[in-house]
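Each residue of the sequence shown is one higher than the last, beginning at 1 in the UniProt record's numbering. What follows is a short report on a single structure.
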Amino acid sequence: MYTYSPQHSPSIYFNCRINKKAVLISQQIKIPYSTPSTFYSVLNWNAGESYSSGYAGFQQLENGDKTAHFSLWSLEEDHPQFKPVRQVEGGIFDPFTNEKRGRKFVAPFDFMENVWYKFDIEITHPDANNTIYSFVITNVQNGESIQIVEMNYPVPISAFLRCVS
Numbered sequence: 001m002y003t004y005s006p007q008h009s010p011s012i013y014f015n016c017r018i019n020k021k022a023v024l025i026s027q028q029i030k031i032p033y034s035t036p037s038t039f040y041s042v043l044n045w046n047a048g049e050s051y052s053s054g055y056a057g058f059q060q061l062e063n064g065d066k067t068a069h070f071s072l073w074s075l076e077e078d079h080p081q082f083k084p085v086r087q088v089e090g091g092i093f094d095p096f097t098n099e100k101r102g103r104k105f106v107a108p109f110d111f112m113e114n115v116w117y118k119f120d121i122e123i124t125h126p127d128a129n130n131t132i133y134s135f136v137i138t139n140v141q142n143g144e145s146i147q148i149v150e151m152n153y154p155v156p157i158s159a160f161l162r163c164v165s
């Protein structure tokens, strides 16, 4: 039987190796109760690979505010064209230098308790030198979808090779 402390959200990771280069990854999450100061890592991809890697998730801040996060790692340098091409209102696009370098997009997103949400991240290639990442969250209960961000990543064609949820 799995037990956990009510002060911390339970966590488990599933690591999958993708046999072919994928252009869409999805995962669902349901948060059963409010847990301020918690980051819910819903999707992580390509960690340790030479391809672009990143993560997406929800966060509840200590003050109760809730946000959606989308981050891309592993830029060799700070490309000026590495930016959102479409984004939800109120979001903030910033660099980060935690484990690696990269850019993150954080937007207000008032996720509800006990509601399933589906995260979809899709890759498209407008040309041979750029990859577009589209991050959409769908409320599975009512079917409402919101595109959080569509981000240009200035690297040649990339794909999802590894996914951790």
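Just so you know, even glycine gets a beta-carbon here, dropped at the ideal spot from N, CA and C.
Minimum Cα-Cα distance from I25 among the listed residues L43, T35 and E89 corresponds to L43. Here F119 is near Q27, since their CB atoms are less than 8 Å apart.
Note on A56: 16 or more other CB atoms within 10 angstroms of its CB, so buried under the neighbour-count rule. Around the C-beta of T67, 16 or more other C-beta atoms lie within 10 Å, and the residue is accordingly described as buried.
Judged by their CB atoms, F82 and R103 are nearer to each other than the 8 Å cut-off.
Taken through DSSP and simplified to helix, strand or coil, P36 comes out as coil. Counted as a single uninterrupted DSSP element, the beta strand (DSSP E) harbouring F105 occupies residues G102 to P108. In this structure, DSSP gives D120 an extended state, which the three-state scheme calls strand. Taking T138 as the centre and dropping the five residues before and after it, the same chain places the C-beta of K118 and S145 closer than 6 Å to its C-beta, in chain order.
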